[in-house]
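**Student:** Please see the structure below; I have some questions.
Laid out in structure tokens, this is it:
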């Protein structure tokens, strides 16, 4: 196994361990969380150009931000490969894989668990991660909101375009938190 694949494999194992712990804590299906976490990056063996090519082959609508940063396609591609290569048909697992990067407007508990596990796994090191790790076992929704805010802040600081779905996900969770749907 080459170094990049070994690193990705170890990352997925760490994400699975965190996802299992979060699922148990929040009384979600730990097995589904673990499967989704293990497969969440299964398309990352592709280069960004290959991701773009595969999405075009699948006739997906690709927006300009995805075209500029094809890695944004990896969550959807990973869900595709989980189904096509690994035979995963459970819609909850596929949704959790699909939602692990930028989320979605109506994230399930499992979606949030896998999203958060990916962002707080032990090797992640970014400003605010310790706070999010603590919050993760106190309030799942607030931890996801905090994680999204951290990502948005980082992207802005880097001067990169913010993917619209990231903002939509955060805003949707804030509305739900404040009792407005």
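Residue numbers (the UniProt record's numbering): 1 to 181.
Yeah, the Cβ is synthetic: ideal placement off N, Cα and C, and Gly gets one too.
(1) One question on the structure: do residue 146 and residue 14 come within less than 7 Å of each other, judged by their Cβ atoms?
(2) Let me confirm a value: residue 7 is counted as buried when at least 16 other C-beta atoms fall within 10 Å, else exposed. Which label applies?
(3) Considering only the beta carbon of each residue, do residue 16 and residue 37 sit closer than 7 Å?
(4) Given this structure, state the Cα-to-Cα distance separating residue 127 from residue 154, to the nearest angstrom.
(5) Return yes when the Cβ of residue 19 is within less than 7 Å of the Cβ of residue 33, no when it is not.
(6) Among the candidates 63, 12, 65, 25, whose CA atom is the shortest distance from the CA of residue 44?
(7) Under three-state DSSP, which class holds residue 4?
(8) Please classify residue 48: does DSSP put it in a helix, a strand, or coil?
(9) Within 8 Å, do at least three Cβ pairs link the region 102–122 to the region 84–91?
(10) Enumerate in chain order the residues of its own chain whose CB-to-CB distance from residue 174 is below 8 Å, with the five nearest sequence positions on each side excluded.
(11) Take residue 74 and list the residues in its own chain whose beta-carbon comes closer than 8 Å to its own, dropping the five residues that flank it on each side.
(12) Alpha carbon to alpha carbon, how far is residue 162 from residue 171? Give it in angstroms, no decimals.
(13) Using the Cα positions of residue 49 and residue 134, report the straight-line distance between them to the nearest angstrom.
(14) So is residue 143 buried or exposed if we call it buried at 16+ other beta carbons inside 10 Å?
**Tutor:** Quick answer:
(1) Reading the chain shown from its first residue, position 146 is the one you call residue 146. Reading the chain shown from its first residue, position 14 is the one you call residue 14. Cβ distance not < 7 Å, so residue 146 and residue 14 don't count as in contact.
(2) Counting from one through the chain shown, the residue named residue 7 turns up at place 7. Burial call: exposed.
(3) Mapped onto the chain shown, residue 16 falls at position 16. Mapped onto the chain shown, residue 37 falls at position 37. Yes; because the gap between Cβ atoms is below 7 Å, this pair is in contact.
(4) Locating residue 127 in the chain shown gives position 127, counting from the first residue. Locating residue 154 in the chain shown gives position 154, counting from the first residue. Computed Cα separation, rounded: 9 Å.
(5) Position 33 of the chain shown, counting from 1, holds the residue named residue 33. Position 19 of the chain shown, counting from 1, holds the residue named residue 19. In this structure, residue 19 lies closer than 7 Å to residue 33 by Cβ.
(6) Here residue 44 refers to the residue found at position 44 when the chain shown is read from its first residue. Of the listed residues, the one whose Cα sits closest to residue 44 is 12.
(7) Position 4 of the chain shown, counting from 1, holds the residue named residue 4. If DSSP states are grouped into helix, strand and coil, residue 4 belongs with the helices.
(8) Against the chain shown, residue 48 aligns to sequence position 48. In the structure shown, residue 48 sits in a helix (DSSP, three-state: H, G or I).
(9) no
(10) For the purposes of this step, residue 174 is taken as the residue at position 174 of the chain shown. So the list reads 145, once near-sequence residues are dropped.
(11) Looking up residue 74 in the chain shown gives position 74. 41, 43, 44, 46, 51, 101, listed in sequence order.
(12) For the purposes of this step, residue 171 is taken as the residue at position 171 of the chain shown. For the purposes of this step, residue 162 is taken as the residue at position 162 of the chain shown. Their backbone Cα atoms lie some 14 Å apart in a straight line.
(13) As a first step, residue 49 must be located in the chain shown, where it is residue number 49. As a first step, residue 134 must be located in the chain shown, where it is residue number 134. Rounded to the nearest angstrom, the two C-alpha atoms are 37 Å apart.
(14) What you label residue 143 is simply residue 143 of the chain shown in a count that begins at 1. It is buried - the Cβ of residue 143 has at least 16 other Cβ atoms within 10 Å.
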